[in-house]
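Which chain is which? The protein sequence lines are A, B and C, in order. Numbering of the first sequence is given in the working numbering, commencing with residue 4 and proceeding in unit increments. Numbering of the second sequence is given in the working numbering, commencing with residue 6 and proceeding in unit increments. Numbering of the third sequence is given in the working numbering, commencing with residue 9 and proceeding in unit increments. The C-beta atom is built at its ideal place from N, Cα and C for all residues, glycine as well. I have placed the structure first, in the form of structure tokens, so that the comments after it can refer back to it.
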Amino acid sequence: MNAIGGGTASGRPVKAVQVGGPLGAYIPPSQFDLPFDYDAYAAADALIGHGGIVVFDDSADMGAMARFAFQFCAAESCGKCTPCRIGSTRGVKLVDRIRGGGKPRPTRSKRCPRCTTPARPRSRAEDLQLLEDLCETMQLGSLCALGGFTPYPVRSALKHWPEDFER
Amino acid sequence: MDPGRLTYMANQIARNLAAQGAAAVEATCQHLRDFWDPRMKAAILGGSRAGLDPIARAAVERLV
Amino acid sequence: MVVHTQTPRLEKLRRGVMELYISDHPLDCLTCAANNDCELQDTAAEVGLRDVRYGYDGANHLGAAIDTSNPYFDFDPSKCIACSRCVRACDEVQGTLALTIDGRGFASMVSAGQTGDDFLSSECVSCGACVQACPTATLQEKAVKEIGKPERAVVTTCAYCGVGCTFRAEMRGEQLVRMVPWKDGKANRGHSCVKGRFAWGYANHRDRILTPMIRESIDQPWREVSWDEALGFTAGRLGAIKAQHGARALGGITSSRCTNEETFLVQKLVRAGFGSNNVDTCARVCHSPTGYGLSKTFGTSAGTQDFDSVMHADVILVIGANPTDGHPVFASRMKRRLRQGAKLIVIDPRRIDLVRSPHIAAAHHLPLQPGTNVAVLTAMAHVIVTEGLADEAFIRERCDWDEYQDWARFVAEERHSPETLEAVTRVPAHDLREAARLYATGGNGAIYYGLGVTEHSQGSSTVMAIANLAMATGNIGRPGVGVNPLRGQNNVQGACDMGSFPHELSGYRHISGSAKPARCSNRTGASRSIPNPACASPTCSTPRSMASFRAIYIQGEDILQSDPNTHHVAAGLKAMDCVIVHDLFLNETANYAHVFLPGSTFLEKDGTFTNAERRIQLVRKVMEPANGYADWEVTQALANAMGLGWNYTHPSEIMDEIARLTPSFAGVSHARLEAEGSLQWPVNEAHPDGSPIMHVDGFVRGKGKFVVTDYVPTDEKTGPRFPLLLTTGRILSQYNVGAQTRRTANTVWHPEDLLEIHPPMPRTGASRMVTGCA
Chain A
4 MNAIGGGTAS GRPVKAVQVG GPLGAYIPPS QFDLPFDYDA YAAADALIGH GGIVVFDDSA
64 DMGAMARFAF QFCAAESCGK CTPCRIGSTR GVKLVDRIRG GGKPRPTRSK RCPRCTTPAR
124 PRSRAEDLQL LEDLCETMQL GSLCALGGFT PYPVRSALKH WPEDFER
Chain B
6 MDPGRLTYMA NQIARNLAAQ GAAAVEATCQ HLRDFWDPRM KAAILGGSRA GLDPIARAAV
66 ERLV
Chain C
9 MVVHTQTPRL EKLRRGVMEL YISDHPLDCL TCAANNDCEL QDTAAEVGLR DVRYGYDGAN
69 HLGAAIDTSN PYFDFDPSKC IACSRCVRAC DEVQGTLALT IDGRGFASMV SAGQTGDDFL
129 SSECVSCGAC VQACPTATLQ EKAVKEIGKP ERAVVTTCAY CGVGCTFRAE MRGEQLVRMV
189 PWKDGKANRG HSCVKGRFAW GYANHRDRIL TPMIRESIDQ PWREVSWDEA LGFTAGRLGA
249 IKAQHGARAL GGITSSRCTN EETFLVQKLV RAGFGSNNVD TCARVCHSPT GYGLSKTFGT
309 SAGTQDFDSV MHADVILVIG ANPTDGHPVF ASRMKRRLRQ GAKLIVIDPR RIDLVRSPHI
369 AAAHHLPLQP GTNVAVLTAM AHVIVTEGLA DEAFIRERCD WDEYQDWARF VAEERHSPET
429 LEAVTRVPAH DLREAARLYA TGGNGAIYYG LGVTEHSQGS STVMAIANLA MATGNIGRPG
489 VGVNPLRGQN NVQGACDMGS FPHELSGYRH ISGSAKPARC SNRTGASRSI PNPACASPTC
549 STPRSMASFR AIYIQGEDIL QSDPNTHHVA AGLKAMDCVI VHDLFLNETA NYAHVFLPGS
609 TFLEKDGTFT NAERRIQLVR KVMEPANGYA DWEVTQALAN AMGLGWNYTH PSEIMDEIAR
669 LTPSFAGVSH ARLEAEGSLQ WPVNEAHPDG SPIMHVDGFV RGKGKFVVTD YVPTDEKTGP
729 RFPLLLTTGR ILSQYNVGAQ TRRTANTVWH PEDLLEIHPP MPRTGASRMV TGCA
């Protein structure tokens, strides 16, 4: 990156690279020794995608980048399958909630007897679990790669830069 | 029975069956036999045959 | 390979998807019309969803406005889960393609038609397929919202057109909530149209007459009386007329809307009670040419195929029929086959919807001059014979070869060429030749026809010309081919089968023929002293012959509206001493009646209807007759008032009698219909399980008969006195004379009848083709 690309445009240190497009995983410098091939990337929960590489300097907010992945998915979604159609929109809100420190959810008066929800605030651990569940639902339940790949940037950002999800 | 109307109907049947050539008279006669009310048959047998086309007339004569 | 459909991973995934669905769904289950009848609710319970962790403050569709424009169902987008089932039902089942998903992503919404359209203004034909497919209350019948969830269901047969759809009549108490097409119905295969699905409100309409009425003469007001008094009055009058004027002064008209059993009883009453053959039916003016033409050529007075057959057709020829309006549920099947690639030929003066509609385009539309059917068909035969396209092997094996040769010589004459006949038919010769070649060589060729064929002065000749074409090309006796009359009313086929014509007993046995008349007369009590056909329908009689009638019993038909030449019918009725109208409503004919006997709807009685594919299906009583008696009970009571001593306790006993008397119905009973769902006649020793397709191994009459049919111009020409050429057509939302549909919300689509006027044709100056829709 430094030899061929000339480092970051700002000259600041590299924080992450995203390989394979907006739905590719974020790779931290500690994994820069990863060989650039399909199997190795797949084993590291990343993907080659279209092969493009985007470099982020240390000013990047990886929590915001996770949010952007959901936002991108929501903007591009065709709407045919539910994990992508609704999941991407819910994902944006959920990342906000996690980064905002969690908020008590407003309750509604009318409830379906079969779908009642206890009216209590969510803990951060619960919301992080929900984020992981959403990623799983989107990855396995989406009809195409848009919804199916959105979890890559989200999960990798959370895994390598959990501090960017706290504020 | 209005004899004019019956003559008209008999001629209409005959005209539709005329293309059957030699069989046309019998076909017309059979049609009258099968589908006409006894009163209609009696009326056309008893009425004037002046207005009947040749096939219809032959069929009515065969109806007797 | 082993496919696992239930694993912990899948269960979690399903729960995850449901959690997303419910995060954008109103939580008003307890007040929702679909409560406990909702797949979304059931699935949420099934996957064990207990918590929607996203909360409910995110983006949603809960504020979307409800579209209430359709008179029968509402569209509430706030409850929509964008599953697209409705869109696919509209595309693949109905074939109208009116629905789509508008927008994309989270904004995806089901939409009828273009942006800005609501359901009513869109191309939606209100067939109800989307409502049935909807897993939530997004598309919901208004009646379910108003009345509540149905508690029980009875499977029965629709009383509208000749398709004969099977429905589940879903009831709450004694109240009908909705009619839902039955998936196992072999005629409709789970589909429906706006009439059968929704337009049943006439059954409880306030216009229904529930008490018998009589009057001495037609200028007096009606007097409500008891059943006993009405029947006594009627029997007395009929007896007096018979004594004074003889049996031939009495007649009856059976109903093509009533059951086979009821129709059979009316003709039996006329033959055994009145003592005459003066019985007729509306089929006299609609499909008697079908009976005559197909009987002459093939040997059976009915269509050759079942509806499923269309899915094997390669070339579909529609002549004088408008299936998308007249037989919509069958049209949907046909359109599905056309979308699969079958070719379509339409012979019709009008550019009917089938000629060009979404994903459907006719290969050939031959817009003939009305009244020239025989000329067009003979010209097609000319092409087939002269270009060597006839199926000689089939003809030699299955038909009379000499008759074929006579016919072939006739149609091969130059005067029958498309070029010569173009002056008469106004069909471009080139198009006609191409259409004939396609029908003869395009694989399985199936002909479907309707009243545009039969309700013409050359109706019978046209039917025979159609049969000739099918035989000449070998298109008879297997799936995908055949000659198929699209019958008008629900039981036109049955009414004909039941001996509703003066010259025929049940099963088309001629009254004077050798077809076991003795057997019949013993059982029905009909005397053999009346071996000659008579004629009851006013339309086939002259005014004077009408005058020789003094009394007529008319069940379930408004002849003053439905029969041609209204003045003539009115004059005939006015001259009578006793007109008995047995109907749901005080119809136009009742203006001339002395006795009005209240009728019952198809929901109020047991019996059978026979549809256009000869399919006999059970009609089941779902509620008690509002007038007190089913129609068969009224006819029986009248017969007994005349001293006939009938004692049927259930229509199944009448069917047993029909089966005993009618060879083609020998194997039919209510018990069998109950067990097997339906049977297609003939059902007898030779065909114990019925006959979905006829003439498979040979024609019923033996050898198929080619009948020479010559074009004879109609006498009804335009001129100074009658400058307009009028023809009739079908309308999807309205039915027959409108007795039923005009008493429903279907009027929103078609509030009044219209004349469509052909735009001027500069070449010929012929600008006066007018279509009246009724």
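- When rounded, the separation of the alpha-carbon atoms in residue 584 of chain C and residue 578 of chain C is 10 Å.
- Taking the C-beta atoms as reference points, residue 59 of chain A is found no nearer than 8 Å to residue 6 of chain A.
- Contact fails between the segment 598 to 605 of chain C and the segment 470 to 487 of chain C, because fewer than three Cβ pairs, one in each stretch, are under 8 Å apart.
- Residue 25 of chain C reaches chain A at 85, 86, 140, 144, counting residues in chain order whose Cβ is nearer than 7 Å.
- At least one CB atom of chain A sits nearer than 8 Å to the CB of residue 116 of chain C.
- Legend: CB atoms of the segment 698 to 724 of chain C lying less than 8 Å from CB atoms of chain B belong to residues 715, 716, 717, 718, 720, 723.
- For the C-beta of residue 25 of chain B, the chain C residues within less than 8 Å are, from N- to C-terminus, 715, 716.
- With 16 or more other CB atoms across the displayed protein chains lying within 10 angstroms of its CB, residue 426 of chain C is buried.
- Within the segment 340 to 377 of chain C, the runs of beta strand (DSSP E) that reach at least 3 residues and sit entirely inside it are, in chain order, 351 to 355, 372 to 374.
- Between residue 458 of chain C and residue 310 of chain C, the gap from beta carbon to beta carbon reaches 8 Å or more.
- Residue 471 of chain C places its beta carbon less than 8 Å from that of residue 298 of chain C.
- In this structure, the CA atom of residue 220 of chain C is about 58 Å from the CA atom of residue 26 of chain C.
- In the three-state reduction of the DSSP assignment, residue 135 of chain A falls in the helix class.
- Fully enclosed beta strand (DSSP E) runs of no fewer than 3 residues occupy 603 to 606, 615 to 618, 623 to 627 of the segment 589 to 631 of chain C, in order along the chain.
- Under DSSP, residue 710 of chain C forms a beta bridge with C:707.
- If you draw a 10 Å sphere on the C-beta of residue 132 of chain C, you find 16 or more other C-beta atoms in it, and that means buried.
- Excluding five sequence positions before and after residue 153 of chain A, the CB atoms of its chain that fall closer than 7 Å to its own CB belong to 26, 72, 73, 76, 91, 141, given in chain order.
- For a Cβ distance threshold of 7 Å, residue set 24 of chain C lies close to residue 136 of chain A, ordered along the chain.
- Beta-bridge annotation (DSSP): residue 231 of chain C is paired with C:222.
- Less than 8 Å divides the Cβ of residue 505 of chain C from the Cβ of residue 618 of chain C.
- Secondary structure note for residue 176 of chain C: its beta strand (DSSP E) is the uninterrupted segment 174 to 180.
- Counting the other Cβ atoms within 10 Å of the Cβ of residue 434 of chain C gives 16 or more, which makes it buried.
- Within the segment 55 to 81 of chain A, the complete beta strand (DSSP E) runs of at least 3 residues fall at 56 to 60.
- Between residue 216 of chain C and residue 737 of chain C, the CB-CB gap reaches or exceeds 8 Å.
- For residue 96 of chain A, the enclosing alpha helix (DSSP H) begins and ends at 90 to 102.
- Only buried fits residue 184 of chain C, as 16 or more other CB atoms lie within 10 angstroms of its CB.
- Interface with chain A (8 Å Cβ-Cβ cutoff): residue 61 of chain C is included.
- Chain-order list of chain A residues neighbouring residue 32 of chain C: 89, by C-beta distance under 7 Å.
- In the three-state DSSP reduction, residue 45 of chain B falls in the helix class (H, G or I).
- The beta carbon of residue 82 of chain A sits closer than 8 Å to some beta carbon of chain C.
- Under DSSP, residue 160 of chain C shares a beta bridge with C:179.
- Contact annotation: residue 502 of chain C and residue 268 of chain C have beta-carbon atoms nearer than 8 Å.
- When C-alpha distances from residue 374 of chain C are compared across C:360, C:365, C:366, C:367, the shortest belongs to C:360.
- The C-alpha of residue 48 of chain A is placed about 12 Å away from the C-alpha of residue 40 of chain A.
- With respect to the 8 Å criterion, residue 193 of chain C and residue 168 of chain C are not classified as neighbours on the basis of their beta carbons.
- Taking a cut-off of 8 Å for Cβ pairs, the segment 724 to 743 of chain C and the segment 28 to 35 of chain B do not touch, as fewer than three such pairs fall below it.
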